[in-house]
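Everything below concerns the one structure shown next.
2 protein chains.
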Amino acid sequence: MDEKVSHYVEQNRDRFLSELQEFLRFASVSAQPAHRPDMRSCAQWLIDHFRSIGLEASLVEGDGHPIVRARAAGRSDRRLIIYGHYDVQPVDPLDEWLTPPFEPTVRDGQLWARGATDDKGQVFAHVKALEAILNTAGAPAGEVLFLLEGEEECGGTVLPHYLEREKDQLAAGTAGVVVSDSEMVDENTPAITYALRGTAAMELTVQGPRRDLHSGTYGGAVGNPAAALAWMLSQCLNPAGEITIDGFHDGVRPLADWEKENFAQLGHQDEAFRQEAGVSALLGPDEATTLEKVWARPTFEINGIYGGYLGQGGKTIIPASATAKITMRLVPDQDPQKVIQTVKRHLQAVCPDFARLTIRDAFATPAVCFDIDSPLIRSGRRALEQGFGSEPRFIRCGGSIPVVETFARCLKAPVLLMGFGLTSNGAHSPNEHFALKSFYQAIRASACLALDASAYQGTS
Amino acid sequence: MDEKVSHYVEQNRDRFLSELQEFLRFASVSAQPAHRPDMRSCAQWLIDHFRSIGLEASLVEGDGHPIVRARAAGRSDRRLIIYGHYDVQPVDPLDEWLTPPFEPTVRDGQLWARGATDDKGQVFAHVKALEAILNTAGAPAGEVLFLLEGEEECGGTVLPHYLEREKDQLAAGTAGVVVSDSEMVDENTPAITYALRGTAAMELTVQGPRRDLHSGTYGGAVGNPAAALAWMLSQCLNPAGEITIDGFHDGVRPLADWEKENFAQLGHQDEAFRQEAGVSALLGPDEATTLEKVWARPTFEINGIYGGYLGQGGKTIIPASATAKITMRLVPDQDPQKVIQTVKRHLQAVCPDFARLTIRDAFATPAVCFDIDSPLIRSGRRALEQGFGSEPRFIRCGGSIPVVETFARCLKAPVLLMGFGLTSNGAHSPNEHFALKSFYQAIRASACLALDASAYQGTS
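First to last, the protein sequences are chains S and Z. Under the numbering used here, the residues of the first sequence are numbered 599 to 1058, in order. Under the numbering used here, the residues of the second sequence are numbered 599 to 1058, in order.
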């Protein structure tokens, strides 16, 4: 740890905090049109702030909320991109907040505000790390380029379109992307998330009769499309929750030995997890651990199902149609397009003769898994250890962060997922908060990374 | 056919029609509270009309729209009950009516109005038959008791409560019940419906996690209740639409030889039926005919299914629960309570371990099947032949008419389902109509029945 940087952070603790509070006061709720002016003011505040500490900064406009782009020159022309987002989730239910979501308050060593952990607090740790470097060491070891989007919480297109458009220019010289929008193991144990599951989605509609039919007049002679849909879904998953589609698991990469050992050492508490999920029993038992199931195995989920009469009481009809919304979580090295084709073929094959199947909105993004021995990730590991005083753990994530795959694909660069939040921080919930201790530790970790020349080596 | 009665009907054709038009002008829509005054006026008009032609008449009040009760003494103290209803369906979509629904209009030999066929036209044929008898023969062969309810279209309790309450008194001396709220084979061929399917209903809810869960965090380790429901339903029906619940078919009465022959002679047109249903194929092929399937076999229908996210686009959740609304059509001699118990036990047995099943609102009413050799039905057959000049056919009905089962159970009497409508008459639809020819033929048939002493013999 650079002594001067460390000293600078110590000296400016209170100012850093009050600046973060300023950042958090913007009600930058991207999903709500009424907050468009707040989005704009927040982006402009970031621009001004970046410039005030010595970075070039500008807005990247698109069809939605702008990206804040800021650049600090480095000692080499290799580049690290730091990704984050300045938009936040809506705040409702508002009456469950102990202090107002946009009046950041310090209490019990935590900063309470919407966006405190997701993602303004994490973003701002990187910003303050750059300020500390520019005011002490003078420059990071390579160029640092901030790309802070305003549409993470509303699923916009400005950042993906920008990456597609500028990919050649951005790829040249970029050694990696740092994303701080994930979690630590616990408040004393930082983590690097080296793999994310991908997603495949489709909507199935099974059509029976042209209109709802009287079940007394037609029942027995006309097939029921809701029954057809139930049958088809039963041919995809068995009652143990296992996927029974031929070829679905093609290519699934088995866990490496180091991963099995690592998972075991993470000390996952199944009973606590079960209680948190609110279920009487987890799936299984079988040979796979819970972490393997949620991190390294594909799934087939019915997210929604509907058809026929949904109101109070009953209605004696054969429904005209029934629909299921399906998403699958994919793992390395499943080929998303092959999975989609396999599932489509299987569903057509098990669709009863009397029904007509339509599949809409089928799309898929692959899982990602980064080599933990890349210079970037090794550097991230050292930086976290120095910043937090504790060795980081390697974890995977069962969810998908589409932007990570977009970065990896467009820039052909590794992504370091180095998050500073905790599950208990209440992201997306009332009373979101961020530990002040984590904030300052994150600044130190970020500074270590930016000052480490080997972080800029890329995979080569 | 009694000559004097026939002559009387001929002499009074125009007045009968204009009286029916008066009856049809009441907007007696039982389901719409705004029409309560119209319901009341219509019931009072019936009372006045019955009294004007020489019957005792009164209202039976209850928790809803009243029953109009009218009595004509007969030559014996044996009794026939004539059931019908004076309430009608709502009229929307109003702009599809060629002439206003409550301004009865004669066009092309048909009377066009809401209620023309369902059920005012059919009811009024019986009323005019009694008038013709009282003015010619002097009295029917036994007592005739009209019970005309005002809640057939809105599912009220006034009539069932009345029947339960008065069953002993009503049963004594009652030889049978005549219901004219069903259909003929075609405009030249009257029909007697001798069997109706029963109904069993239940609502299944499969509970998984306490709340919707993030499918990235929990997917793979936590079971999906929509998948559990689909599995359970797939264990009730196979893709050919056959019910695979052990014991479900216990007691199902096979078709008698005369029924098979009769069904074959009815000349059912499968291709027309398929087109009407709007499906690419009917269930099957198998050894059963379409009429056997819809009239004499039980069904298991999913009327509605829902769970999880039902909105636009997608949401990556494991839903907390999923629900299916189920109705079954029952046939003679299934025991409805046993069917309910069998299905409940089966569903519990196939419910995956991770899910919790709740079954709500389970109820069942049995199928009915009347002996076509009973004196009442034999008399009905003669009456229809004389009234319509054509031999009636015996048909069954795949639907359920709950009041028929209530009458049969409370009064332990046979029910003669002798309907004068046609499927094409547009009951429940815009431009409902009733053939004037059928109206006058029905008056004659009803008079024949009321004058036939053997109709009052009951089953004994």
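Every residue gets a Cβ at the ideal spot worked out from N, C-alpha and C, and that includes glycine.
Inter-residue Cα distance where the pair is residue i and residue j
| i | j | result |
| --- | --- | --- |
| T963/Z | L889/S | 51 Å |
| F624/S | F700/S | 7 Å |
| A714/Z | L728/Z | 19 Å |
| L768/S | S1044/S | 21 Å |
| K942/S | T803/S | 12 Å |
| D646/S | D810/Z | 41 Å |
| L853/S | W829/S | 33 Å |
| C640/Z | D661/Z | 18 Å |
| E751/Z | E869/S | 54 Å |
| L1047/S | Q609/S | 21 Å |
| E857/Z | Y816/Z | 57 Å |
| A737/Z | Y606/Z | 14 Å |
| G845/Z | A825/S | 20 Å |
| E885/S | I993/S | 20 Å |
| Y684/Z | R991/Z | 27 Å |
| A922/Z | M782/S | 41 Å |
| M637/Z | P950/Z | 51 Å |
| S1058/Z | S972/Z | Residue placement at S1058/Z is flagged as unreliable, the pLDDT there being 48, under the threshold of 50; the coordinate-derived value follows with that caveat. One C-alpha to the other measures close to 8 Å. |
| R1042/Z | V742/Z | 16 Å |
| G865/S | F871/S | 12 Å |
| L835/Z | T842/Z | 5 Å |
| Q642/Z | P635/Z | 11 Å |
| V1001/S | K891/Z | 55 Å |
C-beta atoms of residue i and residue j nearer than 7 Å
| i | j | result |
| --- | --- | --- |
| A799/S | F961/S | yes |
| G997/S | G814/Z | yes |
| P1012/Z | G774/Z | yes |
| A668/Z | F648/Z | yes |
| G978/S | I731/S | no |
| V820/Z | V877/S | yes |
| I919/S | G905/S | Before going on, a small fix: residue 919/S reads as Ser here, not Ile. Against a cut-off of 7 Å, the Cβ pair of G905/S and S919/S comes out as a contact. |
| R958/Z | E801/Z | yes |
| F1018/Z | Q720/Z | yes |
| S988/Z | N786/Z | yes |
| Q619/S | P702/S | yes |
| I665/Z | V756/Z | yes |
| M1016/Z | S650/Z | no |
| L1034/Z | L974/Z | no |
| P621/S | I680/S | Checking the sequence, you will find Phe at residue 621/S rather than Pro. No, these two residues do not count as a Cβ contact at 7 Å. |
| L1049/S | D600/S | yes |
| G682/S | D717/S | yes |
| F986/S | P788/S | yes |
Bounding residues of the beta strand (DSSP E) (the contiguous stretch that carries residue i)
| i | result |
| --- | --- |
| F871/S | Per DSSP, F871/S belongs to no beta strand (DSSP E); it is in the alpha helix (DSSP H), D868 to A875. |
| S656/S | E654 to V658 |
| T697/Z | T697/Z -> no beta strand (DSSP E), and no H or E assigned at all. |
| M1016/Z | V1013 to G1017 |
Bridge partners - residue i, DSSP secondary structure assignment
| i | result |
| --- | --- |
| A922/Z | L802/Z and I903/Z |
| M782/Z | M782/Z pairs with nothing; no bridge assigned. |
| P967/S | Note that residue 967/S corresponds to Cys in the displayed sequence, not to Pro. Beta-bridge pairing links C967/S to A793/S. |
| F1032/S | L709/S |
| I665/S | V658/S |
| T772/S | R677/S |
| R958/S | E801/S |
| R991/Z | A789/Z |
| A670/Z | V742/Z |
Bounding residues of the alpha helix (DSSP H) (the contiguous stretch that carries residue i)
| i | result |
| --- | --- |
| G985/S | P973 to F986 |
| I841/S | It is not in any alpha helix (DSSP H) - I841/S carries neither H nor E in the DSSP assignment. |
| M830/S | P823 to S832 |
| E620/S | R611 to L622 |
| E857/S | D855 to Q863 |
| A1006/S | P1000 to L1009 |
| V948/S | P934 to V948 |
Whole-Å CB distance - residue i paired with residue j, under 8 Å assumed
| i | j | result |
| --- | --- | --- |
| A793/S | C967/S | 4 Å |
| T914/S | T925/Z | 5 Å |
| G806/Z | R895/S | Actually they are not in contact, since the Cβ atoms of G806/Z and R895/S sit about 18 Å apart, beyond 8 Å. |
| R712/Z | E1030/Z | 6 Å |
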